[in-house]
Amino acid sequence: MRLSESATIAMAQKARSLKNDGKDVIALSLGEPDFDTPKHIKEAAKKALDSGFTKYTPIAGVAELREAICQKFLRENNLAYQNDQILVSTGAKQSINHLILSIVNEGDEVIIPTPYWVSYIEMVRMAGGRPIPIETEATNDFIPDISQFQSKINDKTKLILFSTPSNPTGTVYPKSLLEKLSALLQDYPNCFLISDEIYEHILYEGKHISTASIGNLFDKTITVNGMSKGFAMTGWRIGYMAGPLEIIQACTKLQGQVTSGANAIAQHASIAALNESLEPSKEMKNAFLQRRDYVVNRLNRLEGIQINPPKGAFYVFPDIAYYLHTKYKHWKIDNSNDLAMYLLEEALVSTVAGSPFGYPNGLRISYAASMQELEKAMDRIEAALRQLNK
Ligand SMILES: Cc1ncc(COP(=O)(O)O)c(C=O)c1O
Numbered sequence: 060m061r062l063s064e065s066a067t068i069a070m071a072q073k074a075r076s077l078k079n080d081g082k083d084v085i086a087l088s089l090g091e092p093d094f095d096t097p098k099h100i101k102e103a104a105k106k107a108l109d110s111g112f113t114k115y116t117p118i119a120g121v122a123e124l125r126e127a128i129c130q131k132f133l134r135e136n137n138l139a140y141q142n143d144q145i146l147v148s149t150g151a152k153q154s155i156n157h158l159i160l161s162i163v164n165e166g167d168e169v170i171i172p173t174p175y176w177v178s179y180i181e182m183v184r185m186a187g188g189r190p191i192p193i194e195t196e197a198t199n200d201f202i203p204d205i206s207q208f209q210s211k212i213n214d215k216t217k218l219i220l221f222s223t224p225s226n227p228t229g230t231v232y233p234k235s236l237l238e239k240l241s242a243l244l245q246d247y248p249n250c251f252l253i254s255d256e257i258y259e260h261i262l263y264e265g266k267h268i269s270t271a272s273i274g275n276l277f278d279k280t281i282t283v284n285g286m287s288k289g290f291a292m293t294g295w296r297i298g299y300m301a302g303p304l305e306i307i308q309a310c311t312k313l314q315g316q317v318t319s320g321a322n323a324i325a326q327h328a329s330i331a332a333l334n335e336s337l338e339p340s341k342e343m344k345n346a347f348l349q350r351r352d353y354v355v356n357r358l359n360r361l362e363g364i365q366i367n368p369p370k371g372a373f374y375v376f377p378d379i380a381y382y383l384h385t386k387y388k389h390w391k392i393d394n395s396n397d398l399a400m401y402l403l404e405e406a407l408v409s410t411v412a413g414s415p416f417g418y419p420n421g422l423r424i425s426y427a428a429s430m431q432e433l434e435k436a437m438d439r440i441e442a443a444l445r446q447l448n449k
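Listed below in structure tokens is the structure:
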């Protein structure tokens, strides 16, 4: 199978290898909160371990966690799922992969607005499906128009897939677009929608809108979420999905054959995370907001950079077309890969080129790093971009 390596992970590995060579690399390439998991969640894990929760769990997840997830959906998202409509998995990445494998057959089409999260495309290909991208622009905050969905959707379309808030752009899909999607999907009964809401708690304006809560989308949407981003729990590997019963049952069957239930201790820690205070998540969000403003201001000062103000997540995704076809010393910058490599080796800052996100003129910069690191990184990026000549 011709599968591409995850570009974000590949860049992080290169940065690590330079670091191991003694270089002072600032890593702004990986999507990981720099905070530790809140204390009460870690305490719950310790308690679970001491209480002997060291055995296999039910495949779909421990009952108490599924209940906590249902309560969360009701309380925060106005979504009334039953416990058997929930499947807990080893990270949201696994949830999405289960869904794609369960829904998409050879030759089926999946509509994915660009820029997209890198793994969506490869997962669709692994299932034998055809990713059908919809192009968006930084100048329009990367929000697609309903006419673009209308022109791509057909009887072979099995899925529409996006993240809101988005990785890599921080774009949040407005309610008006979701309402139009709800109307459109009425005419395509075989087409489902995956709404990846993993960045829900890292939202800077307004209240998060769950796609499934709009119009008639509840029966057509599978909501994916997880603990990694909002609770600083990337290493715990807990994600979950909620949606129509027959889809959850199919994914549960699949999970039963590939990994069984997710890690028992991490599931118990997740119960505490969901049932207890969101205050630590809010504090992290506020820190990300301060960093977003800093990085956006610094980028806005640079000549030629076009940037959409990210409304959520912890990335900026500037359009760097202005810096293409430039030179410095032996460097020739013809695409965003060249620019990312130049910034890594010349400025010692790791970022990710736009191509794997389906937007070749973009560059993803994660601001999940300390303010000191961000200040140093932005100074270096600014100096490196200034020395590029046409
Ligand atoms: C949009 C998006 N979805 C899903 C994931 C996967 O999250 P998890 O750590 O729960 O597998 C990520 C992680 O980078 C992401 O950015």
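Residues 60 to 449 (our numbering) are what the sequence shown spells out, left to right. C-beta atoms are modelled at their ideal positions from N, C-alpha and C, and glycine is treated no differently. Remember, it's a predicted structure, so these values are computed and weren't measured experimentally.
Fill in: Close Cβ partners of Lys211 (< 7 angstroms) along its chain, the five nearest in sequence each way excluded
Reading the sequence shown from its first residue, position 152 is the one you call residue 211. Correct list, in chain order: Ile170, Ile191, Ile193.
Fill in: Among Arg350, Leu403, Ile297, nearest to Trp390 - alpha-carbon criterion
For the purposes of this step, residue 390 is identified with residue 331 of the sequence shown, where counting begins at 1. If we check each option's Cα against that of Trp390, Leu403 comes out closest.
Practice prompt. Please list the segments of the alpha helix (DSSP H) lying wholly inside the region 275–355, counting only runs of 4 or more residues, in order along the chain.
Written response: 304–317, 323–334
Practice prompt. Name the two residues that bound the continuous alpha helix (DSSP H) containing Leu243.
Written response: As a position in the sequence shown, residue 243 is number 184, starting the count at 1. Unbroken alpha helix (DSSP H) run through Leu243: 234–244.
Item to complete: Go through its chain and collect everything with a Cβ distance to Phe112's Cβ below 7 angstroms, but skip five positions before and after it.
Response: The sequence position of residue 112 within the sequence shown is 53, counting from 1. Result list for Phe112: Ala323, Ile324, His327, in chain order.
Worksheet entry | For Gly265 and Ile364, the rounded distance between their alpha carbons | Counted from its first residue, the sequence shown places residue 364 at position 305. Counted from its first residue, the sequence shown places residue 265 at position 206. Spanning the two alpha carbons is a distance of roughly 27 angstroms.
Worksheet item: So Gly315 packs on Gly298, CB below 8 angstroms; how close in whole Å?
Response: Within the sequence shown, residue 315 is the residue found at index 256, counting from 1. Within the sequence shown, residue 298 is the residue found at index 239, counting from 1. Their Cβ separation, rounded to whole angstroms, is 17 angstroms, which puts Gly315 and Gly298 out of contact at 8 angstroms.
Worksheet item: Closer than 7 angstroms: is that where the CB of Ala151 sits relative to any heavy atom of ligand 1?
Response: Residue numbering aside, residue 151 sits at position 92 when the sequence shown is read from its first letter. Yes, since a heavy atom of ligand 1 falls inside the 7 angstroms radius drawn around the Cβ of Ala151.
Worksheet item: Which class does Tyr426 belong to by DSSP, given the choice of helix, strand or coil?
Response: Numbered from its first residue, the sequence shown carries residue 426 at position 367. Residue state, collapsed to three classes: coil.
Worksheet entry | Helix, strand or coil at Lys370 according to DSSP, with G and I counted as helix | Taking the sequence shown and counting its residues from 1, the one referred to as residue 370 is at position 311. Residue state, collapsed to three classes: coil.
Fill in: Ser429 classed as buried or exposed, judged by whether at least 16 other C-beta atoms fall within 10 angstroms
Indexing the sequence shown from 1 puts residue 429 at position 370. Exposed.
Practice prompt. With a threshold of 16 other CB atoms inside 10 Å of the CB of Thr198, please say whether the residue is buried or exposed.
Written response: In the sequence shown, the residue the question calls residue 198 occupies position 139. Thr198 counts as exposed, since fewer than 16 other C-beta atoms from the protein chains shown sit within 10 angstroms of its C-beta.
Discussion item. By DSSP's criteria, Pro172 is part of a beta bridge. Which residues make up the other side?
Written reply: Along the sequence shown, one-based indexing puts residue 172 at 113. In DSSP, Pro172 forms a bridge with Ile193.
Worksheet item: What residue does the beta strand (DSSP E) around Tyr387 start on, and which one ends it?
Response: As a working note, residue 387 is residue 328 in the sequence shown. Its beta strand (DSSP E) spans residues 385–387.
Worksheet entry | Whole-angstrom C-beta distance between Ala301 and Ile155, which should lie under 8 angstroms | Against the sequence shown, residue 155 aligns to sequence position 96. Against the sequence shown, residue 301 aligns to sequence position 242. That pair is no contact at about 13 angstroms.
Discussion item. Between which two residues does the alpha helix (DSSP H) holding Asp473 run?
Written reply: Absent from the model: residue 473. The displayed extent of the chain is 60 to 449, so no value can be given.
Worksheet item: Three-state secondary structure (DSSP) at Ala412?
Response: Against the sequence shown, residue 412 aligns to sequence position 353. Correct three-state label for Ala412: strand.
Worksheet item: Short check: CB of Asp255 to CB of Ala151, under 8 angstroms?
Response: Here residue 255 refers to the residue found at position 196 when the sequence shown is read from its first residue. Here residue 151 refers to the residue found at position 92 when the sequence shown is read from its first residue. Yes; because the gap between Cβ atoms is below 8 angstroms, this pair is in contact.
Practice prompt. To the nearest angstrom, report how far apart Phe373 and Thr311 are at their CA atoms.
Written response: Within the sequence shown, numbered from 1, the residue matching residue 373 stands at position 314. Within the sequence shown, numbered from 1, the residue matching residue 311 stands at position 252. Going from the Cα of Phe373 to the Cα of Thr311 covers about 31 angstroms.
Practice prompt. Please classify Gln365: does DSSP put it in a helix, a strand, or coil?
Written response: For the purposes of this step, residue 365 is identified with residue 306 of the sequence shown, where counting begins at 1. If DSSP states are grouped into helix, strand and coil, Gln365 belongs with the strands.
Worksheet item: How is Leu444 classed by DSSP in three states: helix, strand or coil?
Response: Along the sequence shown, read from residue 1 onward, the residue named residue 444 stands at position 385. Reduced to three states, the DSSP call for Leu444 is helix.
Worksheet item: Would you call the CB atoms of Val283 and Ile253 closer than 8 angstroms?
Response: The residue given as residue 283 occupies position 224 in the sequence shown. The residue given as residue 253 occupies position 194 in the sequence shown. Contact: yes.
Worksheet item: Is the distance from the Cβ of Thr293 to the Cβ of Glu123 below 8 angstroms?
Response: One-based indexing of the sequence shown puts residue 293 at position 234. One-based indexing of the sequence shown puts residue 123 at position 64. Result no, Cβ atoms of Thr293 and Glu123 do not sit closer than 8 angstroms.
Discussion item. Under DSSP, the beta strand (DSSP E) around Val121 begins and ends at which residues?
Written reply: Locating residue 121 in the sequence shown gives position 62, where the first residue counts as 1. Counting along the chain, Val121 falls outside any beta strand (DSSP E), and DSSP gives it neither H nor E.
Item to complete: For Pro54, count neighbouring C-beta atoms within 10 Å of its own C-beta (all shown protein chains included) and say buried if the count is 16 or more, exposed if not.
Response: No information on residue 54 is available, as it lies outside the stretch 60 to 449 that the chain covers here.
Fill in: Option in Asn420, Gln207, Thr230, Arg189 with minimal Cα separation from Leu218
Within the sequence shown, residue 218 is the residue found at index 159, counting from 1. For Leu218, the nearest C-alpha among the options comes from Arg189.
Practice prompt. Quick one: residues in its chain with C-beta nearer than 8 angstroms to the C-beta of Lys73, no 5 flanking neighbours on either side, listed in chain order?
Written response: Translated into positions along the sequence shown, residue 73 becomes position 14. Closer than 8 angstroms at Cβ, skipping near neighbours: Leu403, Ser409.
Discussion item. Extract the residue ranges of the beta strand (DSSP E) inside the region 195–226, only unbroken runs of 3 or more that lie entirely within it.
Written reply: 216–222
Item to complete: With Ile162 as the anchor, note down where its alpha helix (DSSP H) starts and where it stops.
Response: Taking the first residue of the sequence shown as position 1, residue 162 is located at position 103. Its alpha helix (DSSP H) spans residues 151–162.
Item to complete: Check each candidate in Leu220, Asp378, Leu444, Arg184 and name the one with the smallest Cα separation from Leu386.
Response: Translated into the one-based positions of the sequence shown, residue 386 becomes position 327. For clarity, residue 386 is Lys in the given sequence; the question names Leu instead. Nearest option by C-alpha distance: Leu444.
Discussion item. By the DSSP assignment, the beta strand (DSSP E) with Leu252 in it spans what residues?
Written reply: Numbered from 1 along the sequence shown, position 193 holds the residue referred to as residue 252. Its beta strand (DSSP E) spans residues 251–255.
Discussion item. Considering only heavy atoms of ligand 1, does any lie closer than 7 angstroms to the CB of Thr293?
Written reply: Here the question's residue 293 lines up with position 234 in the sequence shown. Yes; taking the cut-off as 7 angstroms, the Cβ of Thr293 has a heavy atom of ligand 1 nearer than that.
Worksheet item: When DSSP labels each residue in this structure, what does Asp143 get in the three-state scheme?
Response: Taking the first residue of the sequence shown as position 1, residue 143 is located at position 84. The DSSP-derived three-state label of Asp143 is helix.
Worksheet item: Cβ of Phe201 within 8 angstroms of Cβ of Thr223?
Response: The sequence position of residue 201 within the sequence shown is 142, counting from 1. The sequence position of residue 223 within the sequence shown is 164, counting from 1. No, the Cβ-Cβ distance between Phe201 and Thr223 is not below 8 angstroms.
Worksheet item: Regarding Gly285 and ligand 2, is the C-beta to nearest heavy atom distance less than 7 angstroms?
Response: Summarising the ligand content, the structure contains ligand 1 and does not contain ligand 2.
Worksheet item: At a cut-off of 7 angstroms, is Asp255 close to ligand 1 when judged by its beta-carbon and the heavy atoms of the ligand?
Response: As a first step, residue 255 is located in the sequence shown; it is residue number 196 there, counting from the start. Yes, the Cβ of Asp255 comes within 7 angstroms of a heavy atom of ligand 1.
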